[in-house]
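Undergrad: Protein chains in written order, with the UniProt record's numbering: chain A, 1 to 329; chain B, 1 to 740; chain C, 1 to 181. A virtual CB, placed ideally from N, CA and C, is assigned to each residue, including glycine.
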Amino acid sequence: MIAFDYLRAADRDQALSAAQSRDGARFIAGGTNLLDLMKLQVEAPRRLVDIGALDLRQIERTDEGGLRIGALVSNADLAAHPLVRARYPVLSRAILAGASAQLRNKATTAGNLLQRTRCYFFYDPAVPCNKRTPGSGCSAIGGFNRIMAVLGTSEQCIASHPSDMAVAMRVLDARVETVLPSGERRALSLDELYRLPGDTPQIETHLQPGELITAVLLPSPPTGRQTYRKVRDRASYAFALVSVAGIVSMEQDRISGAALAFGGVGTMPWRDRAAEDLLVGQQPSRALFDQAADTVLAAAIGHGENDFKIPLLRRTLAAVLGKLTETVA
Amino acid sequence: MSEASITMDAPFERSLLDTAPAPLVGTSVSRVDGPFKVTGQARYAAEHGSGDLAYGMLVRAPVGSGRIDRLDTAAAEAMPGVLAVITDARLIRNGGDFAGAAAPPHGSRDVVYFGQPIALVVADSFERARAAASAVRLSYERKPGVFDLAEVLDSAEPPTNDIFGLFLIHTEQGDVAGALKQAAVVVDEVWTTPSQSHAPMEPHATVAQWDGRRLTLHGSYQSPVTTRDQLATLLGLETAQVRVLAPFVGGGFGSKLGLMPEAAAAAIAAQRLGRPVKVALPRQHVFEMTGRRPATHQRLRLGADADGKLTTIAHETITDQLEGEMFFEPAGIATHLLYAAPNRLVDHKVARVNKLLGVSMRAPGEGVGQLSLECAMDELAEKLDLDPVELRLRNEPEVHPETGQAFSSRSLAECLRVGAERFGWTARNRAPGRCRDGEWLIGHGMAASARGNLFGPAKVRVRIDADGLAAVETEMTDIGTGTYTILSQIVADLLGVALDRVEVRLGDTDAPTSAGSGGSWGATTAGSAVYAACEKLRVMLAEAAGVTSGNAVFADGMIVAGEVRRPLSELVGNGMVVDGATAPGTSNAHFSQSSYGAHFCEMRVNAVTGEMRVARWNSVFAAGRILNTKTATSQAIGGIVFGIGGALTEELVHDVRTGKVVNRDLGEYHVPVHADIPDIDVLYLEERDRLANPLLAKGIGELGVCGSGAAVANAIYNATGVRVRDFPITLDKLFPGITP
Amino acid sequence: MDWIDAEVEAPLTLRVNGVPHSVRIDTRTTLLDALRERFGLTGTKKGCDHGQCGACTVLVNGRRINSCLSLAMMHADDEITTIEGVGAPGALHPLQTAFIDADGFQCGYCTSGQICSALGMLEEVAAGWPSHVSGDLMPAPPLDLGEICERMSGNLCRCAAYPRIVAAIQSYAASREGEGA
């Protein structure tokens, strides 16, 4: 960990200007991922702006019937919030499936969205990694890649996005509210926030330098059943090999609405609207679920040890859709 | 000072432990060091040192095979607080082996595995040392290397050393090939196990101090005297010039047996700088530069007649290891003695690779060898359409099937019967893949367990002070095993004093040398030496009281014989001291000594995803006298869970291009967590082994590991109908064979 | 603005177990290293330094966190409780006694973290927080074996005292309930 300047910002303006005043400045909130990476010198900020004192810890109802979640709300508080449990259970479930209680107490909502990959090679400065050191090469391609992505990969990077929470946020059509160093505010959907690795895997979002996420906005809860299913190597405290967030509504015996997002398989929290469209208006069946999986996985590429994620996603998706569409006796 | 020694040359018909009026040995005594551990007051290695303590961080080689040709330390040395960048030729390349005083390989910039330590940065704070370690620049020449066992199986050769006779390299009798041709039923399969990491919760750490004449190390060592001897050799010091202390050790499992890189580096730096230096390995370095259980490739062939009598057992194993290192994984070690069969072959070979040092890991040999043997027995039972418990009972040998030696004690059959009863084995699922509860498939599996009982030389000092307080001093360690507690119990029973009137001081090379913690022999060796000392003290106390010790009862701090009733404090004068010792004798050489057990478990496997859950567990063991039922049960549970981890999740992955440890943290090297482990039922049968030692006890620390993974694998097969022979059985290997 | 420049030691006062500790500290120092290296509070353990083992668990304002993944500078306003603040050898907290009785440890290195984590966990359950294994998210969760195991899974124990740690927690929770009733 290289030496850095440190400022505990008293308010938003101070935080924004401090982050502007030096190259290599980073905001720190929970710190559970940033410090993890700084200790290995994978991240080496020259300046840390601690935003922990900012007033961004509220969860409020919005006029549109949704929720506005302050960027600093801890993962634990978000998962336990009565409105989230009652109206967005997929979000509570996804958060509770991730990390440990200690980490959820510390990690924040915005920090979780911005957490970086757990790729083994990204985590070791002794080996090439295009995400860490652009142009150095990708050690995961041709190396052990069991945890890597099968969707959204490029020839430069196949690292998967590790978040569970972000998968639920994506299925819920969450948007992030930000403030730019100029003071200008904007809102981005998660589709607009995340970038595919392409030729620049080191750039993971469309946030501008010094731009601060202040809140996450959830629209009013969608109709239908919600679920989050995570498949992992241990019963707890392990990253997803495959996860599926699903929200499905039924009218009579037909699917009237469907939203699906996937974790563990994509270079970003993955969503495939074509697969959702394919389900709507149809009677649930194993053949239909397979068609949806075909759509999601049409462009999937395995790299050897992670090949299994493709059939595993297919099976998990079918099971999730089966549960969400089954008629309750 | 008096001395007393016990050599096991004859059966021990009468143990003094059976004469204590209100014995603590054999009961459920809480750990005497418990109050220190639950309050954070027990001080582990890195918690020593103060004042001008300096901090060291090792720099590792970023190549799997090659030579460092330039090491540029200038930038690091110029950083604030940096005291030195040490590239001393005595920095060790890899850890020392578990025995002997030879210095581990050192003194070269030749790199033989990725992650090898090549320099030590020392600074006045941890933060500064870590930052400066990242600033060391180097260049290297890459050399060809071997990074994958599967590629070099053909080049494997017999090991160069049988590890002081502990591991048999090759045994053969009868006509294996001929018998297999004649057999009614044959199993012939290959099982593979990967490198595994000990992953003790406390990372390896040393605080070294040099006062100009003597080096003192506080560290995390299972065998302080081995660390001392190897370090003294390395640095050219007399052993008397090195003192090694390890009163509390946060787990070891084999990874802290010899001199490890952090201890050598801290000692060198402390000598050079003239101030105390702490080197506490980051977790990544524990994974990369301490040790691993070697990978194995095991071919196992069983032949049986139609009645399920084994005619043939052939177990051929290949393991991987660094060039020049003597340790090998003796995966066939239990195959020598578990089952009767006239035609037998056990063979070990080693292939040389450029990977981190292979070392002993909890139950070296049995830990992975009983995976293949006990899974093969399950496959054989299925082919014979025979209950796997019954198959084992039918092949129970009367004497050691290779040597013809009698067993000192062997209650395997009883363990199998009692375990089956406790588990409800008769109500098990019999048709693989057919028992289902919603998405979950349910299966039942079992395996036998055996672990050799070792006995070695050990010494302790037992004293009774003028005020009647008893104390034990020995170099022996307690790495979570319960040594503090059981030695206290033995002294309390034999001298008739209360438990809180006994103080046990461990982990100091200035005290008499023990056998160390390793090989499940700590309790029996150190405990027997304590026994020897106490036996002598009883005689001395009886003499002082004017009675004969054979008629005396020691209880409540008194010696009582007929009319005589005297407090010990009146008899000891200024104090009595006896050095007790044990040594292996003919009993150990002439009898086959092992602990045995049987595991039964229920597994649930998700038919959609292949996720596996251990649902229910019963194990029954017989290991001679159980000294402390509470700590012994914990040991058993710990071993069983170690085996579960090895079966289901644990794999230290090496990059096949460089040998580098890919998953070098606890986030991706998956040891079991709370949620993976159900309640575990453990029962020890009543047994006394009169040929083992005066305690009549056998080792238990590794017994739980042996066979437990096979019980898991067999239950998974029973649940799913899928055999996975490539451990660990991760879900990706399982679900493709299951219909969702 | 109150900047602390790189490689400058900053003054910091942390309240640990009710006692203020004032030091000058490198900004890079984690809460864990501040406790262990600067305050001599070595009961909190370093097992992995990356939030992957739980040995460093402490309570910050009553909540359990990994002290290795937090900078000391970030806690100037907080109330920190470590194992030393839970109980002492002569004055054990009942949960510590329960750990000894149930043999909820072997080597002892994860134990401080397990105990601090359990104390935080029981407060989370009391607050009605659900867990991954809760069948229903809305009602107050039960304190059964499955719930305790899931909620304690952030604390590794390589000696695998797991079943006995759970037993210790259950025994303590039951006695507390008895007192409350």
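(1) When you check each C-beta in the stretch 620-649 of chain B against every C-beta of chain C, which residues fall closer than 9 angstroms?
(2) Quick one: which unbroken alpha helix (DSSP H) runs of 4-plus residues sit fully inside the stretch 122-172 of chain B? Chain order, please.
(3) Mapping the DSSP letters down to three states, classify proline 672 of chain B as helix, strand or coil.
(4) Quick one: is lysine 39 of chain A near chain C, going by C-beta distance under 8 angstroms?
(5) If serine 520 of chain B sits next to isoleucine 6 of chain B, beta carbons under 8 angstroms apart, how far is it from one beta carbon to the other, in whole angstroms?
(6) Below 7 angstroms CB to CB, which residues in the same chain sit around tyrosine 113 of chain B once its five sequence neighbours on both sides are set aside?
(7) If we call anything under 8 angstroms between Cβ atoms a contact, is alanine 97 of chain A one with lysine 230 of chain A?
(8) Could you tell me the distance, in whole angstroms, from the CA atom of methionine 1 of chain C to the CA atom of valine 320 of chain A?
(9) Given that histidine 670 of chain B touches chain A, what residues does it touch there, using C-beta distances under 7 angstroms?
(10) Count the C-beta pairs between the stretch 530-542 of chain B and the stretch 53-73 of chain B that are closer than 8 angstroms, then say yes if the count reaches three, no if not.
(11) Residues of chain C with a CB under 9 angstroms from the CB of alanine 86 of chain A: which are they?
(12) Tell me whether leucine 153 of chain B is buried or exposed, calling it buried when 16 or more other Cβ atoms sit within 10 Å of its Cβ.
(13) I need the DSSP call for residue 182 of chain C, collapsed to helix, strand or coil.
(14) Closest to threonine 97 of chain C by C-alpha separation, out of B:His106, B:Pro35, B:Val244 and B:Glu602, would be which residue?
(15) To test your reading of the DSSP string, which unbroken alpha helix (DSSP H) runs of 4 or more residues are found completely within the stretch 138-214 of chain A?
(16) Cβ of glycine 546 of chain B within 8 angstroms of Cβ of valine 560 of chain B?
(17) Spatial neighbours of arginine 604 of chain B within its chain, please: CB distance less than 6 angstroms, with the 5 preceding and 5 following residues excluded, ordered by chain position.
(18) Could you name the residues of the stretch 106-124 of chain C whose beta carbon sits closer than 7 angstroms to any beta carbon of chain B, in the order they occur along the chain?
(19) Apart from the five residues just before and just after alanine 583 of chain B, which ones in its own chain have a Cβ nearer than 6 angstroms to its Cβ?
(20) Beta-carbon within less than 7 angstroms of leucine 180 of chain B's beta-carbon, same chain only, minus the 5 sequence neighbours each way: which residues are those?
(21) Between which two residues does the beta strand (DSSP E) containing phenylalanine 407 of chain B stretch?
(22) What are the boundary residues of the beta strand (DSSP E) that asparagine 606 of chain B is part of?
(23) Sort B:Thr317, B:Ala280 and B:Ala89 by Cα distance to proline 294 of chain B and report the nearest one.
(24) Could you please tell me which residues of the stretch 198-213 of chain A, in chain order, have their CB closer than 7 angstroms to any CB of chain C?
(25) For alanine 94 of chain A, collect the residues of the same chain with a Cβ closer than 7 angstroms to its Cβ; drop the 5 residues on either side in sequence, then sort them by chain order.
(26) Helix, strand or coil: how does DSSP classify tyrosine 717 of chain B here?
(27) Name the two residues that bound the continuous beta strand (DSSP E) containing alanine 544 of chain B.
(28) Check lysine 278 of chain B in the structure and name its three-state DSSP category.
(29) Methionine 169 of chain A CB to nearest chain C CB: under 8 angstroms?
(30) By how many angstroms is the C-alpha of tryptophan 425 of chain B removed from the C-alpha of proline 736 of chain B?
(31) Check for me: the beta strand (DSSP E) holding tyrosine 684 of chain B runs from which residue to which?
(32) If contact is defined by three or more beta carbon pairs under 8 angstroms, each pair taking one atom from either stretch, is the stretch 65-79 of chain B in contact with the stretch 126-133 of chain B?
(33) Can you give me the start and stop residues for the alpha helix (DSSP H) that glutamate 374 of chain B sits inside?
(34) Closer than 8 angstroms, CB to CB, is threonine 57 of chain C near chain B or not?
(35) Does the stretch 391-411 of chain B come into contact with the stretch 582-597 of chain B, if we say contact requires no fewer than three beta-carbon pairs (one atom in each stretch) closer than 8 angstroms?
(36) Go through the stretch 235-291 of chain B residue by residue and report every complete run of the beta strand (DSSP E) that reaches 3 residues or more, in order.
TA: Straight from the coordinates:
(1) Lys630, Thr631, Thr633, Ser634, Gln635, Ile637, Gly638, Gly639, Ile640, Val641, Phe642, Ile644 and Gly645
(2) Runs of the alpha helix (DSSP H) inside the stretch 122-172 of chain B: 126-133.
(3) Proline 672 of chain B: coil per DSSP, three-state reduction.
(4) yes
(5) Contact doesn't hold; Cβ gap of about 19 angstroms is too wide.
(6) Gly64, Leu322, Asn354, Lys355, Leu356 and Gly659
(7) yes
(8) Unreliable placement is indicated for methionine 1 of chain C, whose pLDDT of 47 sits below 50; no coordinate value is reported for it.
(9) Asp233, Arg234 and Ala238
(10) no
(11) Leu137 and Met138
(12) exposed
(13) As shown, chain C starts at 1 and ends at 181. That puts residue 182 of chain C outside it, with no answer to give.
(14) The option with the nearest alpha carbon to threonine 97 of chain C is B:Pro35.
(15) 165-171 and 190-193
(16) no
(17) Trp440, Ile442, Arg613 and Ala615
(18) Gln106, Cys107, Gly108, Tyr109, Cys110, Thr111, Ser112 and Ile115
(19) So the list reads Thr7 and Pro457, once near-sequence residues are dropped.
(20) Val186, Arg301, Gly303 and Thr312
(21) 406-409
(22) 591-606
(23) For proline 294 of chain B, the nearest C-alpha among the options comes from B:Thr317.
(24) none
(25) Asp164, Met165, Val167, Ala168, Tyr228 and Ala245
(26) Helix, per DSSP.
(27) Counting along the chain, alanine 544 of chain B falls outside any beta strand (DSSP E), though it belongs to the alpha helix (DSSP H) covering 522-545.
(28) strand
(29) no
(30) 29 angstroms
(31) 681-684
(32) yes
(33) 366-384
(34) no
(35) yes
(36) 242-245 and 277-280
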